[in-house]
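Down below is the structure, laid out as structure tokens.
There are 2 protein chains.
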Amino acid sequence: MDEAVADALCKTRPAQTMGIADLGCSSGPNTLMVVSEIITKIYDTCSHMGIASPELRVSLNDLPGNDFNAIFVSLPEFYRNLEKETGVGPDGCFISAVAGSFYGRLFPRRSLHLVYSSSSLHWLSSADTMRKQVPPDLCTKAGKHLNKGKIYISKTSPPSVVKAYLSQFQKDFFAFLRSRAAEMVAGGRMLLSFMGRSSPDAAAEVGTHQWELLSQALMSMASEGLIQEEKIDSFNAPYYAPSAEEVANIVEEEGSFIVNHLQGFEIDWDGGPTGNDHGHDHDNNVVNGSENLSRGGQVAKTIRAVVETLVESHFGRDMMDELFRRYAELVDHYFSKTRPKHINLVLSVSRNTIN
Amino acid sequence: MDEAVADALCKTRPAQTMGIADLGCSSGPNTLMVVSEIITKIYDTCSHMGIASPELRVSLNDLPGNDFNAIFVSLPEFYRNLEKETGVGPDGCFISAVAGSFYGRLFPRRSLHLVYSSSSLHWLSSADTMRKQVPPDLCTKAGKHLNKGKIYISKTSPPSVVKAYLSQFQKDFFAFLRSRAAEMVAGGRMLLSFMGRSSPDAAAEVGTHQWELLSQALMSMASEGLIQEEKIDSFNAPYYAPSAEEVANIVEEEGSFIVNHLQGFEIDWDGGPTGNDHGHDHDNNVVNGSENLSRGGQVAKTIRAVVETLVESHFGRDMMDELFRRYAELVDHYFSKTRPKHINLVLSVSRNTIN
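Right under this line is the structure:
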């Protein structure tokens with residue numbers, strides 16, 4: 018981040034205003050935390066370099082359904098704190114919101130110097146509209162569902178399913194890069210972090226098992242007649258966890274960016290990087306304020322917060338409590354056998370100056 | 018509007034992106050209508066001039082409490098219609114939202130070519146926060162309220178009240194112009210429309226009587242013990258309807274803008290310019306869909322939509338139905354004696370090139 022900020026600053030000076038975008042900003046308490054960190058780094062760097070800070074244009078982006086009102090209401094306090102901490106007044110930093118899919122154009126040509134996106138690019142473009150939740154190739158023209166009994170790539174999924182998912186990710190990530198290429202200045206920097214996988218095999222357990230357990234929870238409800246099996250067959254999560262190689266290939270193919278850094282980091286399912294055991298007592302329970310949830314319960318709660326809108330729109334609101342109760346049990350059982358991990362991919366690129 | 022668009026376009030060509038801002042955009046069905054009209058005019062003008070349209074950066078501004086989510090949700094349809102009507106795709110027009118008070122800076126330096134504001138600048142800066150609803154000079158240091166029994170300038174208000182209101186408006190409008198001066202390019206155009214008055218006397222009946230009747234409705238409730246009179250004494254609407262001369266003087270004093278046009282237009286209280294009697298039947302009732310409200314009822318409904326949040330935060334939610342019922346009666350009675358009118362001031366200025 019430090020290097021990217023310094024580099025982006027160098028590209029800024031002639032224009033004297035610097036464009037920064039957070040793509041997929043969401044609306045939780047973390048939204049403005051990242052922005053705040055970036056702004057502070059910029060002011061520190063300018064101070065170190067002995068130059069005046071440029072005026073900052075900060076754009077917060079997410080889909081039109083995001084709760085931007087919640088962000089806006091917290092802005093006056095954010096500006097007050099920013100002024101207290103950095104001395105930057107209301108004429109130094111201009112925050113705006115842009116609603117739309119980052120798989121298309123969002124900003125004017127050559128207007129951005131620093132682009133940031135966290136935990137968003139593993140969602141496929143089909144997640145943008147609730148109407149079509151699946152990569153389109155997962156259903157034949159005759160209406161036959163290819164990924165029976167599953168909601169994501171699984172060990173038992175036919176190769177056509179893996180291919181359809183990868184193909185959709187390639188299309189989407191290419192469109193993302195092409196849009197940003199138009200919007201960024203030459204030499205502008207982009208930092209992306211999203212879910213990925215360490216195995217070359219997209220159907221390997223690491224990277225798929227969280228969805229696998231949710232499929233199992235759904236199927237157990239289907240076996241008791243609570244959910245129609247056809248409903249499960251026709252649902253496929255608009256999500257893809259790519260390998261670093263797949264990502265690098267698309268960046269190379271698109272051609273507008275140079276990779277500075279690309280790496281995967283292991284993260285425990287229940288949060289924090291591997292090796293960090295703080296927050297767990299000896300009985301495998303997460304100690305989390307007044308709640309005393311099992312690790313499975315905690316994971317289920319987190320996952321529910323992320324996927325509920327999507328899952329609910331397909332299976333119905335009434336199913337949610339029971340679904341995530343069963344899911345928590347399955348996760349608890351899984352934790353008793355192994356210590357599951359996600360892979361978080363971090364990609365840093367520069368907009369090249371050739372085309 | 019046509020002239021302002023053509024003029025602003027001339028200032029745009031070298032930069033090839035054009036900054037447009039709607040200040041006080043609100044969130045009703047009209048919000049994107051004005052933007053749509055502006056965009057269409059720009060594309061028509063470019064087509065007439067035989068030049069390529071610039072990329073448009075459109076900023077929608079209002080206070081942080083505005084319902085921006087409602088605007089964002091309607092954007093996808095807006096873009097679809099825009100493309101159908103003008104051929105402008107998603108890479109031609111970029112809409113963003115900026116939450117904050119237009120009495121301070123909102124945008125980077127020299128970034129705006131065309132600024133527009135409708136029905137907003139009659140609200141004083143003290144309306145920005147609900148905590149202090151009055152121009153501060155209306156209460157003495159000893160805590161004595163100067164505008165007893167009234168909630169706006171009235172015939173019986175002491176001269177100090179009129180002076181306090183004017184002084185607050187002067188400060189606010191000056192700050193508005195100074196902020197826009199920093200944000201606009203040389204030659205950029207600004208179109209402002211807001212409530213004003215035709216009389217040089219700020220206490221004249223035209224321009225104050227709508228608030229006068231609301232004071233009367235409140236006082237009638239106070240006389241029955243429903244509201245404490247002290248509550249009315251301590252409330253003063255954060256609103257001011259200036260004369261054209263007062264506005265011109267502030268523009269001249271601030272010094273960054275040249276007045277192209279400044280004019281007041283009469284508008285009937287119950288909507289539409291004077292002389293337009295459509296929509297009224299012979300019994301003085303407004304024919305309005307399924308509702309059959311009296312003219313007073315219709316005016317009360319409109320005014321309630323505008324001022325309720327403000328009035329409610331001071332007098333309490335429980336009072337609102339009764340207050341606006343009494344208000345409707347008073348307006349009906351007033352209509353039986355006269356045909357009341359607002360003055361809508363329209364001001365068109367250019368950012369000068371001197372400083």
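So the sequence lines, in the order shown, correspond to chains A and B.
Mind the numbering: the first sequence is residues 18 to 372 in the numbering used here, read in order.
Mind the numbering: the second sequence is residues 18 to 372 in the numbering used here, read in order.
Note that beta-carbon positions come from the ideal geometry of N, C-alpha and C, so glycine has one too.
This one's a predicted model, so the numbers in the text were calculated from it and none came from an experiment.
Neighbour-count burial assignment, residue i, 16 or more Cβ in a 10 Å radius
{"i": "A/Ile68", "result": "exposed"}
{"i": "B/Asp39", "result": "buried"}
{"i": "B/Gly213", "result": "buried"}
{"i": "A/Ala322", "result": "exposed"}
{"i": "A/His5", "result": "Any answer about residue 5 of chain A is impossible in this case: the structure gives chain A only from 18 up to 372."}
{"i": "B/Glu269", "result": "exposed"}
{"i": "B/Pro125", "result": "buried"}
{"i": "A/Lys167", "result": "buried"}
{"i": "A/Pro46", "result": "exposed"}
{"i": "A/Ser118", "result": "buried"}
{"i": "A/Glu241", "result": "exposed"}
{"i": "B/Asp335", "result": "exposed"}
{"i": "B/Ala159", "result": "exposed"}
{"i": "A/His226", "result": "buried"}
{"i": "B/Asn253", "result": "buried"}
{"i": "A/Asn98", "result": "exposed"}
{"i": "B/Gly306", "result": "In this predicted model, B/Gly306 has a pLDDT of only 44, less than 50, meaning its place in the structure is not dependable; the value taken from the coordinates is given anyway. Label assigned to B/Gly306: exposed."}
{"i": "A/Ser177", "result": "exposed"}
Cut-off 8 Å between Cβ atoms - residues of its own chain near residue i, not counting five sequence neighbours on either side
{"i": "B/Glu339", "result": "Met238 and Leu243"}
{"i": "A/Lys58", "result": "Met18, Asp19 and Val22"}
{"i": "B/Asp24", "result": "Gly204, Arg206 and Ser367"}
{"i": "B/Gly121", "result": "Ala192 and Ser196"}
{"i": "B/Leu80", "result": "Ala116, Gly117, Ser118 and Asp145"}
{"i": "A/Leu194", "result": "Ile267, Val268, Glu271, Ser273 and Phe274"}
{"i": "A/Pro217", "result": "Ser260 and Glu262"}
{"i": "B/Arg148", "result": "Only weak support is given to the placement of B/Arg148: the predicted model assigns it a pLDDT of 44, under 50, and the value that follows is read from those uncertain coordinates. If we look at B/Arg148 and ignore the five residues flanking it on each side, it has no Cβ neighbours."}
{"i": "A/Val264", "result": "Phe190, Gly213, Leu279, Leu362 and Leu364"}
{"i": "A/Gly224", "result": "Met212, Gly213, Arg214, Ser215, Ser216, Ala258, His359 and Ile360"}
{"i": "A/Met66", "result": "Ala23 and Leu26"}
Start and end residues, beta strand (DSSP E) containing residue i
{"i": "A/Ile112", "result": "Cys110 to Ala116"}
{"i": "B/His278", "result": "Phe274 to Asp285"}
{"i": "B/Lys358", "result": "Lys358 to Arg368"}
{"i": "A/Val132", "result": "Leu129 to Ser135"}
{"i": "A/Ala38", "result": "Thr34 to Leu40"}
{"i": "B/Glu222", "result": "Taken as a continuous stretch (DSSP letters only), B/Glu222 belongs to no beta strand (DSSP E), as it is neither H nor E."}
{"i": "B/Asn78", "result": "Glu72 to Asp79"}
Sequence-distant residues of the same chain with beta carbon closer than 7 Å to residue i, five excluded per side
{"i": "A/Val179", "result": "Ile170, Ala219 and Ala220"}
{"i": "A/Ala317", "result": "Phe341, Tyr344, Ala345 and Val348"}
{"i": "B/Tyr256", "result": "His139, Trp140, Leu141 and Tyr169"}
{"i": "B/Met337", "result": "Glu325 and Glu329"}
{"i": "B/Cys42", "result": "Thr48, Leu77, Asn78 and Asp79"}
{"i": "A/Gln33", "result": "Pro71 and Glu72"}
Residue span of the alpha helix (DSSP H) that contains residue i, given as start and end
{"i": "A/Glu100", "result": "Phe85 to Thr103"}
{"i": "B/Lys354", "result": "Met337 to Lys354"}
{"i": "A/Gly313", "result": "Arg312 to Phe332"}
{"i": "A/Arg197", "result": "Pro176 to Glu200"}
{"i": "A/Ser237", "result": "His226 to Ser240"}
{"i": "A/Leu155", "result": "Premise fails: A/Leu155 is in no alpha helix (DSSP H) and is neither H nor E."}
{"i": "B/Glu247", "result": "Glu246 to Asp250"}
{"i": "A/Leu26", "result": "Asp19 to Cys27"}
{"i": "B/Leu49", "result": "Thr48 to Met66"}
{"i": "A/Asn164", "result": "Taken as a continuous stretch (DSSP letters only), A/Asn164 belongs to no alpha helix (DSSP H), as it is neither H nor E."}
{"i": "A/Ile267", "result": "Ala261 to Glu271"}
Neighbourhood of residue i by C-beta distance below 6 Å, restricted to the same chain and skipping five residues each side
{"i": "A/Lys172", "result": "Ala220"}
{"i": "B/Gly360", "result": "Reading off the sequence, residue 360 of chain B comes out as Ile, not Gly. Result list for B/Ile360: Gly213, Arg214, Ser215 and Gly281, in chain order."}
{"i": "B/Ser53", "result": "none"}
{"i": "B/Ser44", "result": "Asn83, Asp84, Ala87 and Ile88"}
Cβ-Cβ separation, residue j to residue i (assumed contact under 8 Å), whole Å
{"i": "B/Ala114", "j": "A/Ala87", "result": "That pair is no contact at about 13 Å."}
{"i": "A/Thr209", "j": "A/Leu131", "result": "Per the sequence shown, the amino acid found at residue 209 of chain A is Leu instead of Thr. Between A/Leu131 and A/Leu209 the Cβ distance is about 12 Å, and since that is not below 8 Å, they are no contact."}
{"i": "A/Glu200", "j": "A/Ser128", "result": "6 Å"}
{"i": "A/Glu283", "j": "A/Lys358", "result": "5 Å"}
{"i": "B/Asp154", "j": "B/Ser184", "result": "7 Å"}
{"i": "A/Val75", "j": "A/Cys110", "result": "6 Å"}
{"i": "A/Ser64", "j": "A/His162", "result": "Actually they are not in contact, since the Cβ atoms of A/Ser64 and A/His162 sit about 58 Å apart, beyond 8 Å."}
Any non-hydrogen atom of the ligand ADP within 7 Å of residue i CB
{"i": "B/Leu364", "result": "Annotation note on the ligand ADP: not contained in the displayed structure, which lists no ligands."}
Proximal chain D residues relative to residue i, where beta-carbon distance stays under 9 Å
{"i": "B/Gly82", "result": "Absent here is chain D; the protein component of the structure consists of chains A and B."}
Check: Between the stretch 71-81 of chain B and the stretch 91-100 of chain B, do at least 3 Cβ pairs fall closer than 8 Å?
Finding: no
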